[in-house]
Amino acid sequence: MENGLNRFLQAQEKDYLSALSEVKSGRKKGRWMWYVFPQFKCLALSESSKSYGIDNVDEAEAFLHHPVLGTRLKEMTDALLNLSEPDVSHIFGSPDEIKLKASMTLFACVSDEDENPFKKVIDKYFQGALDTKTTKIIDDTWVWV
Numbered sequence: 001m002e003n004g005l006n007r008f009l010q011a012q013e014k015d016y017l018s019a020l021s022e023v024k025s026g027r028k029k030g031r032w033m034w035y036v037f038p039q040f041k042c043l044a045l046s047e048s049s050k051s052y053g054i055d056n057v058d059e060a061e062a063f064l065h066h067p068v069l070g071t072r073l074k075e076m077t078d079a080l081l082n083l084s085e086p087d088v089s090h091i092f093g094s095p096d097e098i099k100l101k102a103s104m105t106l107f108a109c110v111s112d113e114d115e116n117p118f119k120k121v122i123d124k125y126f127q128g129a130l131d132t133k134t135t136k137i138i139d140d141t142w143v144w145v
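Laid out in structure tokens, this is it:
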């Protein structure tokens, strides 16, 4: 799994800090959404989103628990939570606010943290409504015991 995550590390290497700066300023300008806030690959439409799409729940968990990628995802999520702007479309624009919802839903569902920051983003910007396409994929994938 580690090898598959290298695509994210390589992509983030060039512009993670500028992406973080953009989020902290409250306005996304660059083209980094796919590899900073990834979503399931099967939701992807563009080649970039397919290249940086998460293959399955196991890869999402590996991303979240990766020492660099997981830390960066939480840092970006915290930056979002610290913004006073209540409208996510003003921060990301369309269609990136939809990608954010899918990404936050994915990581909210696979996170085992008591204080789930991804769920807090869903609550703050999407009135608590999870992305239904993402939850369907997770429900169809997980074997509930």
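With the first letter of the sequence shown counted as 1, position 113 gets the number 113 in UniProt numbering; the numbers rise by one all the way through. Backbone N, C-alpha and C define an ideal beta-carbon position, used for all residues, glycine too.
The alpha helix (DSSP H) that contains H90, what's its start and end?
Counting along the chain, the alpha helix (DSSP H) containing H90 begins and ends at 88-92.
So, using beta-carbon positions, are V36 and Q10 closer together than 8 Å?
Judged by their CB atoms, V36 and Q10 are not nearer to each other than the 8 Å cut-off.
Going by DSSP in three states, F40 sits in which element: helix, strand or coil?
strand
Sort G128, K28, V110 by Cα distance to H65 and report the nearest one.
V110
Opposite I54 in the DSSP bridges: which residues?
F40
Segment contact flag, the segment 117-127 with the segment 48-57, C-beta cutoff 8 Å, min 3 pairs:
no
Do L5 and A102 have their CB atoms nearer than 8 Å?
Cβ distance not < 8 Å, so L5 and A102 don't count as in contact.
What does a CB cutoff of less than 7 Å around A79 pick up in its chain, not counting 5 residues either side in sequence?
So the qualifying residues of the chain are L20, V23, K24.
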